[in-house]
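Asker: Just so you know, we're using this note's numbering here: the sequence shown kicks off at 3 and counts up by one.
Here a beta-carbon is modelled for each residue, glycine too, at the ideal position from N, C-alpha and C.
Supplied in C-alpha coordinates, the structure appears directly below.
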Amino acid sequence: MPYVNQVEELLGKKTNYTLESGEQKNKVQTDNVKYENNRWPNNTATVYIDIDDSTLYNAFVSAIKQWNNTGAFTFKIVNDKKDADIIGKLMENDDGTAGTTDTTTDEQTKRIIKATVYLNRYYLESATYGYSEQRIINTAEHELGHAIGLDHTDEVSVMQPAGSYYTIQPRDVDVVKKLYQEN
3 MPYVNQVEEL
13 LGKKTNYTLE
23 SGEQKNKVQT
33 DNVKYENNRW
43 PNNTATVYID
53 IDDSTLYNAF
63 VSAIKQWNNT
73 GAFTFKIVND
83 KKDADIIGKL
93 MENDDGTAGT
103 TDTTTDEQTK
113 RIIKATVYLN
123 RYYLESATYG
133 YSEQRIINTA
143 EHELGHAIGL
153 DHTDEVSVMQ
163 PAGSYYTIQP
173 RDVDVVKKLY
183 QEN
(Lines of atoms letter the chains of each structure in order from A and count residues from 1; the text may use other names and numbers.)
(Lines give C-alpha, C1' and ligand atoms only; values in the text may rest on other atoms or scores of the structure.)
Protein backbone atom coordinates (compact mmCIF):
# COMPACT_ATOMS: atom_id res chain seq x y z
CA MET A 1 0.00 0.00 0.00
CA PRO A 2 2.85 2.52 0.48
CA TYR A 3 3.33 2.68 -3.33
CA VAL A 4 -0.38 3.40 -3.85
CA ASN A 5 -0.30 6.08 -1.16
CA GLN A 6 2.74 7.72 -2.79
CA VAL A 7 1.05 7.72 -6.20
CA GLU A 8 -2.17 9.10 -4.75
CA GLU A 9 -0.19 11.76 -2.93
CA LEU A 10 1.64 12.76 -6.11
CA LEU A 11 -1.41 12.69 -8.37
CA GLY A 12 -4.07 13.77 -5.95
CA LYS A 13 -2.66 17.10 -4.87
CA LYS A 14 -4.52 19.94 -6.48
CA THR A 15 -3.55 23.53 -5.89
CA ASN A 16 -6.05 26.31 -6.32
CA TYR A 17 -4.56 29.15 -8.30
CA THR A 18 -5.56 32.76 -8.13
CA LEU A 19 -6.64 34.25 -11.42
CA GLU A 20 -4.29 36.98 -12.54
CA SER A 21 -5.31 40.17 -14.23
CA GLY A 22 -3.19 42.72 -15.95
CA GLU A 23 -1.53 42.81 -19.33
CA GLN A 24 -2.79 39.35 -20.31
CA LYS A 25 -6.22 39.60 -18.75
CA ASN A 26 -7.70 36.72 -16.77
CA LYS A 27 -4.94 34.16 -17.19
CA VAL A 28 -5.93 30.78 -15.85
CA GLN A 29 -3.40 28.26 -14.59
CA THR A 30 -3.48 25.25 -16.87
CA ASP A 31 -2.48 22.73 -14.19
CA ASN A 32 0.12 21.95 -11.56
CA VAL A 33 1.71 18.60 -12.36
CA LYS A 34 5.41 17.67 -12.14
CA TYR A 35 6.48 14.93 -14.54
CA GLU A 36 10.22 14.49 -13.89
CA ASN A 37 11.01 12.60 -17.13
CA ASN A 38 8.09 10.22 -16.95
CA ARG A 39 7.20 8.88 -20.39
CA TRP A 40 5.49 6.12 -22.33
CA PRO A 41 7.52 3.03 -23.31
CA ASN A 42 7.69 4.51 -26.84
CA ASN A 43 6.50 7.67 -28.57
CA THR A 44 3.02 6.38 -29.41
CA ALA A 45 -0.18 6.23 -27.36
CA THR A 46 -3.83 5.43 -28.09
CA VAL A 47 -6.52 7.98 -27.23
CA TYR A 48 -10.24 7.64 -26.63
CA ILE A 49 -12.11 10.95 -26.74
CA ASP A 50 -15.04 10.95 -24.29
CA ILE A 51 -16.14 14.54 -24.99
CA ASP A 52 -19.71 15.36 -26.01
CA ASP A 53 -19.16 19.09 -26.60
CA SER A 54 -18.41 19.72 -30.30
CA THR A 55 -16.15 22.75 -29.71
CA LEU A 56 -13.97 20.96 -27.17
CA TYR A 57 -14.07 17.66 -29.08
CA ASN A 58 -12.85 19.40 -32.24
CA ALA A 59 -10.15 21.23 -30.28
CA PHE A 60 -8.96 17.91 -28.85
CA VAL A 61 -8.82 16.32 -32.32
CA SER A 62 -6.96 19.38 -33.68
CA ALA A 63 -4.45 19.15 -30.83
CA ILE A 64 -3.86 15.47 -31.59
CA LYS A 65 -3.28 16.30 -35.26
CA GLN A 66 -0.85 19.07 -34.35
CA TRP A 67 1.21 16.77 -32.13
CA ASN A 68 1.13 14.04 -34.78
CA ASN A 69 2.34 16.55 -37.39
CA THR A 70 5.49 17.18 -35.35
CA GLY A 71 6.71 13.62 -35.88
CA ALA A 72 7.94 13.56 -32.27
CA PHE A 73 4.96 11.67 -30.85
CA THR A 74 1.98 9.87 -32.39
CA PHE A 75 -1.50 9.68 -30.91
CA LYS A 76 -3.84 7.08 -32.39
CA ILE A 77 -7.56 7.68 -31.84
CA VAL A 78 -9.47 4.51 -30.87
CA ASN A 79 -13.21 3.88 -30.73
CA ASP A 80 -13.21 1.75 -27.58
CA LYS A 81 -12.24 3.14 -24.18
CA LYS A 82 -10.76 -0.25 -23.23
CA ASP A 83 -8.15 0.14 -25.99
CA ALA A 84 -7.03 3.59 -24.83
CA ASP A 85 -3.83 4.59 -23.07
CA ILE A 86 -5.19 8.13 -22.74
CA ILE A 87 -8.79 9.25 -22.23
CA GLY A 88 -9.90 12.78 -23.10
CA LYS A 89 -12.73 14.08 -20.90
CA LEU A 90 -14.56 17.23 -19.86
CA MET A 91 -14.70 18.81 -16.45
CA GLU A 92 -16.60 21.84 -15.29
CA ASN A 93 -15.44 23.57 -12.15
CA ASP A 94 -13.92 26.83 -11.00
CA ASP A 95 -10.69 25.41 -9.56
CA GLY A 96 -8.50 27.82 -11.52
CA THR A 97 -7.42 25.33 -14.20
CA ALA A 98 -8.41 25.40 -17.87
CA GLY A 99 -7.32 21.79 -18.13
CA THR A 100 -5.53 19.13 -16.18
CA THR A 101 -3.90 15.78 -16.82
CA ASP A 102 -3.80 12.88 -14.40
CA THR A 103 -1.25 10.16 -15.10
CA THR A 104 -0.52 6.80 -13.53
CA THR A 105 3.18 6.04 -13.70
CA ASP A 106 5.33 3.08 -12.70
CA GLU A 107 7.50 4.64 -10.00
CA GLN A 108 10.52 2.44 -10.70
CA THR A 109 10.64 2.66 -14.50
CA LYS A 110 9.17 6.19 -14.82
CA ARG A 111 6.92 4.80 -17.56
CA ILE A 112 3.43 6.23 -17.89
CA ILE A 113 0.79 3.50 -17.69
CA LYS A 114 -2.31 5.56 -18.41
CA ALA A 115 -3.48 9.16 -18.50
CA THR A 116 -6.70 11.15 -18.39
CA VAL A 117 -6.74 14.58 -19.99
CA TYR A 118 -9.47 16.97 -18.84
CA LEU A 119 -10.59 20.15 -20.60
CA ASN A 120 -12.47 22.51 -18.30
CA ARG A 121 -15.46 24.04 -20.05
CA TYR A 122 -16.01 26.41 -17.09
CA TYR A 123 -13.08 28.52 -18.33
CA LEU A 124 -12.69 27.47 -21.96
CA GLU A 125 -16.26 28.30 -22.96
CA SER A 126 -16.88 31.32 -20.76
CA ALA A 127 -16.81 34.75 -22.42
CA THR A 128 -15.34 36.09 -19.16
CA TYR A 129 -12.02 34.34 -19.82
CA GLY A 130 -11.88 35.08 -23.55
CA TYR A 131 -10.60 31.77 -24.88
CA SER A 132 -10.50 31.88 -28.67
CA GLU A 133 -10.73 28.67 -30.68
CA GLN A 134 -6.93 28.72 -31.01
CA ARG A 135 -6.37 29.15 -27.26
CA ILE A 136 -8.71 26.21 -26.61
CA ILE A 137 -6.66 24.10 -29.04
CA ASN A 138 -3.48 25.33 -27.33
CA THR A 139 -4.91 24.19 -23.99
CA ALA A 140 -5.61 20.73 -25.42
CA GLU A 141 -2.08 20.63 -26.92
CA HIS A 142 -0.68 21.61 -23.51
CA GLU A 143 -2.58 18.86 -21.70
CA LEU A 144 -1.59 16.29 -24.32
CA GLY A 145 1.98 17.50 -23.75
CA HIS A 146 1.61 16.43 -20.13
CA ALA A 147 0.17 13.09 -21.29
CA ILE A 148 3.36 12.69 -23.38
CA GLY A 149 5.45 13.44 -20.28
CA LEU A 150 6.27 17.14 -20.62
CA ASP A 151 6.51 19.47 -17.64
CA HIS A 152 5.87 23.20 -17.40
CA THR A 153 8.39 25.75 -18.59
CA ASP A 154 8.62 29.52 -18.57
CA GLU A 155 10.13 29.45 -22.09
CA VAL A 156 8.05 30.32 -25.17
CA SER A 157 6.27 26.96 -25.31
CA VAL A 158 2.91 25.24 -25.40
CA MET A 159 3.93 24.06 -21.92
CA GLN A 160 3.78 27.49 -20.25
CA PRO A 161 1.59 26.95 -17.18
CA ALA A 162 -0.85 29.81 -17.72
CA GLY A 163 -2.72 31.54 -20.50
CA SER A 164 -2.59 29.02 -23.36
CA TYR A 165 -1.08 31.67 -25.62
CA TYR A 166 1.35 29.39 -27.49
CA THR A 167 0.85 26.46 -29.79
CA ILE A 168 3.45 23.68 -30.07
CA GLN A 169 6.88 25.27 -30.57
CA PRO A 170 10.12 23.82 -32.04
CA ARG A 171 11.44 23.75 -28.46
CA ASP A 172 8.56 21.45 -27.44
CA VAL A 173 9.30 19.07 -30.31
CA ASP A 174 12.99 18.97 -29.34
CA VAL A 175 12.13 18.19 -25.70
CA VAL A 176 9.81 15.33 -26.74
CA LYS A 177 12.42 13.89 -29.10
CA LYS A 178 15.03 14.03 -26.35
CA LEU A 179 12.68 12.44 -23.81
CA TYR A 180 11.93 9.51 -26.11
CA GLN A 181 15.51 9.15 -27.31
CA GLU A 182 16.55 8.08 -23.80
CA ASN A 183 16.09 4.42 -22.91
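When DSSP labels each residue in this structure, what does G147 get in the three-state scheme?
Answerer: helix
Asker: Using CA atoms only, rank isn't needed, just tell me which of Y168, I79, L126, D174 is closest to L92.
Answerer: Among Y168, I79, L126, D174, the Cα nearest to that of L92 is on L126.
Asker: Taking G55 and R123 to be in contact with their CB atoms under 8 Å, please state how far apart those CB atoms are, rounded to whole angstroms.
Answerer: The question names Gly, yet the displayed sequence has Asp at residue 55. That belief holds up - the Cβ atoms of D55 and R123 are roughly 6 Å apart, short of 8 Å.
Asker: Buried or exposed: N40, going by 16 or more other Cβ atoms within 10 Å of its Cβ?
Answerer: Its Cβ being crowded by 16 or more others within 10 Å, N40 is buried.
Asker: Taking the beta strand (DSSP E) that V177 belongs to, which residues open and close that run?
Answerer: From DSSP, V177 is part of no beta strand (DSSP E) but of the alpha helix (DSSP H) over 172 to 183.
Asker: For G14, count neighbouring C-beta atoms within 10 Å of its own C-beta (all shown protein chains included) and say buried if the count is 16 or more, exposed if not.
Answerer: Any reading at G14 is ruled out, since the residue's pLDDT is 38, under 50, leaving its predicted position unreliable.
Asker: Please work out which residues of its chain come closer than 6 Å, Cβ to Cβ, to K83, disregarding the five sequence neighbours upstream and downstream, and give them in chain order.
Answerer: So the qualifying residues of the chain are Y50.
Asker: Please go through the same chain and pick out, in chain order, the residues whose beta-carbon is closer than 7 Å to the beta-carbon of Y59, but skip the five residues on each side of it.
Answerer: I51, I53
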